[in-house]
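Presented below is the structure to which this report refers.
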Amino acid sequence: MRRRDFLMAAPAAAAMAREPQPFGALPSQRQLLWHELEIYSFLHFTTNTFTDKEWGYGDEDPAIFNPTEFDAGAIVSGLKAGGMKGVILTCKHHDGFCLWPTKTTDHSVRQSTWRGGAGDVVKEISQAAAKAGLKFGVYLSPWDRNCALYARPEYVEIYRAQLRELLTWYGPVYEVWHDGANGGDGYYGGAREKRRIDKKTYYQWPKTWEMVRQLQPDAVIFSDVGPDIRWVGNERGIAGETCWATFDPLGEDGGPASPGDVKTKDSTPGHRNGNRWLPAECDVSIRPGWFWHEKENARVKTPPQLMDLYYKSVGRGASFLLNVPPDRRGLLHENDVASLKGLGDMLRGTFRENLAARAKWRASNLRDKQHGPAKLTDGVSSTFWATADGVLDASAEADLGRAAAFDVIRLRENIRLGQRLDSFAVDAWKDGAWAEIAQGTSVGACRLVKLAQPVETRKLRLRVKGSASPALTEFGLYCETAVG
Ligand code: FUL
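The opening residue of the sequence shown carries number 3 in our numbering; numbering runs sequentially from there.
The structure is reproduced here in structure tokens:
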């Protein structure tokens, strides 16, 4: 381009590219990275695996921890086959047994029979994850039923020292998971008593979170109240049919919230126009329990059940945290591996191709040429259809060129500009008229609609209503792949 043309073209291009003003609470950079993952795994593994318990009392003999065939590479590859993008390990559960050779207590793998006390589960899982391209996260239970100092101020220092080890010894950590279960009875160094703590003040969470920010600035912090990711309010893996990424947590009594004390009934839907971007995470186990129990080997969720949970978590703007507990060998059980593989096949098959990729679009409004409706199906997550400022209701029609059959619809907003949409609907052209086939509320990072029956049509219409002018990056049509 000649210089004179450039001088003329530049202001026009800049005006054309003017983006809508952001609306409401916005995600941080670390939250945006987390949103991209969508689905990842939990590994619940400790002495409970060998005692057949869900909550160890804290008096377990560390010698019983002996997963003789432990293979981190095999575990991680089973997760990867399931489509998992990350893995969060219970480095310490409520029983206090540490899966790494911590300097803070003897109650760890160092005292176990496994590899003569020279093993390190955290190291092996984190390294296997990095090798397979999965992110690594840590679960460190605040409640410690083994520690004699639990409920005293000194324990909080021990907890922080443990977290410091985990966040400095094992490479990048993408998520730090603080459980809300707290207090009650335990071994506590032989005291065998009930100990209570004040959930609001005891752990001094802000100080701990500051340390996490210093050591792993990209890590999101999960708890009932965030500060980055919120618990969805149930352990069934299901977000609210309406699930806003914005949320203002309150305690059960209406006062300030803290991990272990939040109005969980609000955590499921979130708050429209909440002051904080605090998206939900849906945790659930592939089995009835969080830990492996022989008697549950026949009760592993099937691939269609897991796919349904995917629609009800990821498909509602939340994330899907699926627990798959290693067994006493230190491997994932064959039934779990088979279900994971089935889920992975369904996900890969279903979302392989957007059937609307070649659609011709026409919109009721577009703010400029660079924000036209064709951006909905260009496969690029950074481009988006947007209307002019103040145009809050809009529609866009797609002509697919030929009839296509689909039973999954995917919508995504450009969440860098906030959660703008209040509702959406999709119509299919049928017998010379529009017929509504889907509708809903919150969209955010991702909305999936699974239709009861496949719909076959050549023309579709998307209708959206926003509190701010709509900005959508994706409209996708897919056909669910069945697994054998
Ligand atoms: C709960 C814990 O008490 C369970 O054992 C499990 O770890 C689950 C993910 O969180 O609060």
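Beta carbons are placed, not taken as given, at the ideal position from N, Cα and C, and that holds for glycine.
- Between the ligand FUL and H46, a heavy atom-to-CB distance of less than 7 Å is present.
- In this model, G344 and T170 are separated by some 36 Å (Cα to Cα).
- As computed with DSSP, E476 is found in a beta bridge with R414.
- With respect to I411, V382 sits apart: the two C-beta atoms are not nearer than 8 Å.
- Exposed is the label assigned to A65, since fewer than 16 other Cβ atoms lie within 10 Å of its Cβ.
- With contacts defined by Cβ atoms closer than 8 Å, G84 and L280 do not form a contacting pair.
- In the three-state scheme derived from DSSP, where H, G and I count as helix and E and B as strand, R360 is classed as coil.
- With fewer than 16 other beta carbons inside 10 angstroms of its own, E243 counts as exposed.
- For P208, the enclosing alpha helix (DSSP H) stretches over residues 207-217.
- The Cβ-Cβ distance between L479 and A406 falls below 8 Å.
- Within the same chain, and ignoring the five residues on either side of G420 in sequence, the residues whose Cβ sits closer than 6 Å to its Cβ are P24, F25, G26, L28.
- Residue state for N184 is assigned as coil, using DSSP reduced to three classes.
- Rounded to whole angstroms, M213 and A193 show a C-alpha spacing of 31 Å.
- The residues R460, in chain order, have a CB closer than 8 Å to that of R404 in the same chain once the five nearest residues on each side in sequence are set aside.
- Annotation: the continuous alpha helix (DSSP H) that includes Q307 extends over 305-315.
- For Q455, the uninterrupted beta strand (DSSP E) segment begins and ends at 449-468.
- Cβ neighbours of W145 within its own chain (closer than 6 Å, five residues either side excluded): H96, A183, N184.
- Separation of K371 and A388 (C-alpha to C-alpha, rounded to the nearest whole angstrom) is 10 Å.
- Runs of the alpha helix (DSSP H) spanning 4 or more residues and lying entirely within the region 90-171 occur at 123-134, 155-171, in chain order.
- G272 has its alpha-carbon roughly 15 Å from the corresponding atom of S425.
- In this structure, the straight-line span from the alpha carbon of Y152 to that of G58 is close to 15 Å.
- The beta carbon of E126 sits closer than 7 Å to the beta carbons of A74 from its chain, once the five residues preceding and following it are set aside; these are given in chain order.
- Out of H295, E167, I41, C284, the CA that lies nearest to the CA of E56 is found in H295.
- A distance below 8 Å separates the beta carbons of R289 and R301.
- With respect to the 8 Å criterion, D263 and E254 are classified as neighbours on the basis of their beta carbons.
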